[in-house]
Amino acid sequence: MRYVIAGNSVATVAAIEAIRKRDDKGEIVVISPEPRTAYCRPLITYHLAGQVSSDRLSYKQESFYEARGVRVLYNKALEGLEPEKGRVVLTGGEKLEYDRLLLAIGATPFIPPIEGVKGPGVHPFTSIDHMEAVEAHLKDWKEVVVVGAGMIGMKTAEALHMRGVKVTIVELLEKILPIVLDDASSAWAQEALEKAGVDYVLGDSVVAVERDGRGDVKGVTLKSGAFIPCQGVIVAVGVRPNVAPLEGSGIDINKGVLVDDRMETNLENVFAAGDVVEAYDLILGAKRPIQLWPLAYRQGLIAGANMAGGKKRYVGGFPINSVGFFDFKVASAGLSTVEPGVEESFEVKVFEDKERGIYRKVVVGNNRLMGFIILNDICRAGVYSGLIWSRMDVSLFKDALVEDMSMPEACRLSAHGLEPWSFESMRDFRRMGWSLFPRSYRKHFTAMPSRIEEVCAFESEVCTI
Amino acid sequence: MGCRLCEVACAVEHSKTKDPVAAFLEEDWEPFSHTVVEMIGPVSFSLSCRHCDEPYCVEACISGALRVEDDGRVVIYEEVCVACGMCVVSCPWGAIKPRKRDGVVKAAKCDLCPDREVPACVAACPNRALNFDTALGPGLEKVEEEEIIEG
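Going down the list, the sequences are from chains W and V.
59 is the number of the first residue of the first sequence in the working numbering; add one for each residue after it.
628 is the number of the first residue of the second sequence in the working numbering; add one for each residue after it.
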């Protein structure tokens, strides 16, 4: 049995672990487009900022692959897929046969068709190569424009700012972190940016990168007509699933590679995981690409297990983020951008106290927690994610989710989902013991499942682990 | 019964000096307990890391600081942690919290007290509601630390 894994990042690592749990004999070949072992991609901005040394960037060392008997082909990328012959085409035309194939080829940064965007001085920021290119320019760069105020854009802006570069952020939408924050929390982020001395332009876009006679960047022109002088441009407007090598292979592609709940594609013995896939979104109830590290890990784990004959199912995912820049810290998950009072199907509850730095918002739909935003004090925020995973009915305690109390206290109430007990019920409890407990209560306290999906498996037949 | 002695024991064990008085009154580190006693009415419950088989926190860790050890413990290598908060927001039990020590924030979670034979919370529990046991087998938590109830 030969397992071929295209791509070499977190989904690959998880898949290797999962395969080796079930099959310690099969041959595993990893096709790594980069000349290095799997590394912590999100840490490249930390490295640029000087917070993480280069040896810490590595996610798994050579020894990880050696110990598991994995052959890694460095500097080889997937160029094509021939499913009827059961083989893949690599860089240089080399062909490799597979019994089971995992496509974990990730996503590529999207470069919008802006005038003058091609050429030196304009960089995306998603890999070590990009980071090294930017690092090399840093001594010449005094001013940089970051296009896009998403996660990558904001972390890169922070890193450049820490390296003494004057940064201007340009975002098409009217918000910072537009896919995560709502208007109110974006205002908090903007305040943090102003305090740090970082310029930002919202609701505007770059229409041209202006270059001087030698082809070097001298500034950008915005749609509004404004000109921002700069020597470098970082383009961080999102990534697209890297589906180009798969075209013509007969694999089902929408935006990304479509997979079922076993992470299998429509082709036999071909699985996919990570940023390249379009998998089930637990909250939307539909498939869509969500390019996040934890989901890539989970998908890789499930794909690996199923490749080796296991029976693991992907219950779905939803975006979970925790990001901090300057003195702004946000934890969020699910449908967090819903504005209060805009959509009738959602109940949005907000607690805001500027002075004490508290902002908490939850989005409740159909009596289930659909999303949340928590600023600054993120202690125990995971309980809210747990409520989304478990799809627990929160109608009894939805007010407690955002009430004026510390995060641990709010979580304490929300985790139980119970009405407070009176003294009388306490006496009853002594007499009657467990029989008095609501079913949901017993379930939580007698058999503590190791993963919360087991709780939801209990409630509905949808998911099994 | 909600005495919260486990919290005290945990905070002392994870203090600089491991001395109860110093831990709560003198040290520059804030007292910090990995376990939290959840209490509602007659029910109390000491909640700390479940040491899951397939932990959310390990999946979410962008720096590789959280790992599952061969014996089933889920541990955090603090020197690798970048305090991004992904584990904090991913753990459905809320068992990982950010902890500030000497001005540096790192994720902190139950480490099953590596310096002790039995975790401090278990040793401190006056009515043996907390037990420390190692269970191996499919579907079972390899290292299980259990708790519970009292009227």
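Ideal placement from N, C-alpha and C gives every residue a C-beta, glycine not left out.
If you follow the alpha helix (DSSP H) that residue i is part of, which residue opens it and which one closes it?
i, result
"Ser244 (chain W)", "241-254"
"Val685 (chain V)", "683-687"
"Asp187 (chain W)", "186-195"
"Asn364 (chain W)", "351-365"
"Val68 (chain W)", "68-80"
"Ile311 (chain W)", "Element bounds for Ile311 (chain W): n/a, residue is neither H nor E."
"Val715 (chain V)", "713-717"
"Ala636 (chain V)", "632-640"
"Val223 (chain W)", "Per DSSP, Val223 (chain W) belongs to no alpha helix (DSSP H) and is neither H nor E."
Would you mind reading off the limits of the beta strand (DSSP E) that contains residue i?
i, result
"Met428 (chain W)", "426-433"
"Ala330 (chain W)", "328-330"
"Ser394 (chain W)", "Premise fails: Ser394 (chain W) is in no beta strand (DSSP E) and is neither H nor E."
"Lys407 (chain W)", "404-411"
"Thr279 (chain W)", "275-280"
"Ile210 (chain W)", "Taken as a continuous stretch (DSSP letters only), Ile210 (chain W) belongs to no beta strand (DSSP E), being part of the alpha helix (DSSP H) at 209-220."
"Leu161 (chain W)", "158-161"
"Tyr372 (chain W)", "Premise fails: Tyr372 (chain W) is in no beta strand (DSSP E) and is neither H nor E."
"Val259 (chain W)", "257-260"
"Ala756 (chain V)", "Note, Ala756 (chain V): premise wrong, no beta strand (DSSP E); not H, not E."
"Ala750 (chain V)", "Careful: Ala750 (chain V) lies outside any beta strand (DSSP E), inside the alpha helix (DSSP H) at 747-751."
"Glu85 (chain W)", "85-90"
"Ile63 (chain W)", "60-64"
For residue i, count the other beta carbons within 10 Å of its own beta carbon; 16 or more makes it buried, fewer makes it exposed. Which is it?
i, result
"Met484 (chain W)", "At Met484 (chain W), the pLDDT of 42 sits below 50, so the modelled position is not reliable; the number obtained from the coordinates is stated separately. When all chains shown are included, Met484 (chain W) counts as exposed."
"Gln349 (chain W)", "buried"
"Tyr704 (chain V)", "exposed"
"Asp240 (chain W)", "buried"
"Gly491 (chain W)", "Bear in mind that a pLDDT of 40 at Gly491 (chain W), under 50, signals an unreliable position, so the number given afterwards is only what the model happens to contain. When all chains shown are included, Gly491 (chain W) counts as exposed."
"Thr214 (chain W)", "buried"
"Glu477 (chain W)", "Its pLDDT being 42, under 50, Glu477 (chain W) is placed unreliably in this model, and the value from its coordinates should be taken loosely. Counting Cβ neighbours within 10 Å, Glu477 (chain W) comes out exposed, since fewer than 16 surround it."
"Arg489 (chain W)", "Its pLDDT being 40, under 50, Arg489 (chain W) is placed unreliably by the model, and nothing is read from it."
"Leu632 (chain V)", "buried"
"Val745 (chain V)", "exposed"
"Asp457 (chain W)", "exposed"
"Arg743 (chain V)", "exposed"
"Arg52 (chain W)", "This structure gives no information on residue 52 (chain W), because the portion of chain W shown stretches from 59 to 523."
"Val526 (chain W)", "Because chain W spans 59 through 523 in this model, residue 526 (chain W) falls outside it and cannot be assessed."
"Arg356 (chain W)", "buried"
"Tyr683 (chain V)", "buried"
"Val731 (chain V)", "exposed"
"Lys645 (chain V)", "exposed"
"Val648 (chain V)", "exposed"
"Arg371 (chain W)", "buried"
Give the residues of chain V in contact with residue i, contact being defined as C-beta atoms less than 7 angstroms apart.
i, result
"Val373 (chain W)", "Those do not exist, as Val373 (chain W) stays about 12 angstroms from chain V at its closest Cβ, beyond 7 angstroms."
"Tyr104 (chain W)", "Val709"
"Arg426 (chain W)", "Going along chain V, no residue has its Cβ under 7 angstroms from Arg426 (chain W), so there is no contact; the nearest lies around 15 angstroms."
"Tyr117 (chain W)", "Gly691"
Note down, in chain order, every chain W residue with its Cβ under 9 angstroms from the Cβ of residue i.
i, result
"Val615 (chain V)", "Given that chain V is displayed from residue 628 to residue 778, the structure contains no residue 615 (chain V) and the question cannot be resolved."
"Val654 (chain V)", "According to the sequence as given, residue 654 (chain V) is Glu; it is not Val. Residues of chain W passing the Cβ test: none, with the nearest at roughly 20 angstroms."
"Val749 (chain V)", "Under the 9 angstroms cutoff, chain W gives no residues; its nearest Cβ is about 16 angstroms from Val749 (chain V)."
"Arg716 (chain V)", "The amino acid at residue 716 (chain V) is misidentified as Arg; the sequence shows Val. Result: Ile378, Asn379, Ser380, Ala389, Ser390, Ala391, Ile432, Ile436, Ala439, Gly440, Tyr442, Ser443."
"Ala628 (chain V)", "Sequence check: residue 628 (chain V) is Met here, not Ala. Those within 9 angstroms of Met628 (chain V) in chain W number zero; the least Cβ separation is about 12 angstroms."
Name the chain W residues that come within less than 7 angstroms of residue i, Cβ to Cβ?
i, result
"Ser675 (chain V)", "Within chain W, no residue comes near Ser675 (chain V); the closest Cβ sits about 11 angstroms away, beyond 7 angstroms."
"Glu686 (chain V)", "Pro352, Tyr355, Arg356"
"Ile689 (chain V)", "Cys98, Pro100, Leu101, Trp351"
Can you list the residues of chain V that residue i reaches, using a CB-CB cut of under 9 angstroms?
i, result
"Gly65 (chain W)", "Result: empty, since nearest Cβ-Cβ is about 17 angstroms, beyond 9 angstroms."
"Gln109 (chain W)", "Val709"
"Trp447 (chain W)", "Tyr683, Pro719"
"Arg414 (chain W)", "Simply none; closest approach about 17 angstroms."
Compute every distance between the C-beta of residue i and the non-hydrogen atoms of the ligand ATP, then say whether any falls below 7 angstroms.
i, result
"Ile416 (chain W)", "Absence of the ligand ATP from the depicted structure is noted, as is the absence of any ligand whatsoever, leaving it without description."
Applying a beta-carbon distance threshold of less than 8 angstroms, which residues of chain W neighbour residue i?
i, result
"Ser671 (chain V)", "By Cβ distance, chain W contributes nothing, its closest Cβ being about 10 angstroms from Ser671 (chain V), past 8 angstroms."
"Gly699 (chain V)", "Neighbours of Gly699 (chain V) on chain W: none; closest Cβ ~10 angstroms, over 8 angstroms."
What residues of chain V sit near residue i, judged by a beta carbon separation below 8 angstroms?
i, result
"Arg114 (chain W)", "Ser690, Val707"
(request) Give a yes or no on contact between the region 360-369 of chain W and the region 77-86 of chain W, applying the rule of three or more CB pairs nearer than 8 angstroms. (result) yes
(request) Taking 8 angstroms as the threshold, find out whether the region 648-656 of chain V comes into contact with the region 324-343 of chain W through three or more Cβ pairs. (result) no
(request) Give, in chain order, every residue of the region 719-744 of chain V whose Cβ lies closer than 8 angstroms to some Cβ of chain W. (result) Pro719, Trp720, Gly721, Ala722, Ile723, Lys724, Pro725
(request) Check distances from the C-beta atoms of the region 89-103 of chain W to those of chain V and list, in chain order, the residues that come in under 7 angstroms. (result) Cys98, Pro100, Leu101
(request) Report yes or no: do the region 285-293 of chain W and the region 96-108 of chain W share at least 3 C-beta pairs separated by less than 8 angstroms? (result) no
(request) Would you be able to state if there are at least three C-beta pairs under 8 angstroms between the region 162-173 of chain W and the region 329-340 of chain W? (result) yes
(message) Across the region 260-268 of chain W and the region 402-422 of chain W, are there enough close Cβ pairs to call them in contact, namely three or more that are closer than 8 angstroms?
(response) no
(message) Assess contact between the region 399-407 of chain W and the region 439-452 of chain W, defined as three or more Cβ pairs (one per stretch) separated by less than 8 angstroms. Is contact present?
(response) no
(request) Could you list the residues in the region 333-348 of chain W with a C-beta less than 9 angstroms from some C-beta on chain V, going in chain order? (result) none
(message) Check whether the region 191-210 of chain W and the region 304-323 of chain W are in contact - that is, three or more C-beta pairs closer than 8 angstroms.
(response) no
(request) Examine the Cβ distances between the region 693-708 of chain V and the region 659-668 of chain V and report whether three or more of them are shorter than 8 angstroms. (result) no
(request) Count the CB pairs spanning the region 149-156 of chain W and the region 111-126 of chain W that are closer than 8 angstroms, and state whether there are at least three. (result) no
(message) Below 8 angstroms, how does it come out for the region 379-387 of chain W and the region 243-258 of chain W: are there three or more Cβ pairs, yes or no?
(response) yes
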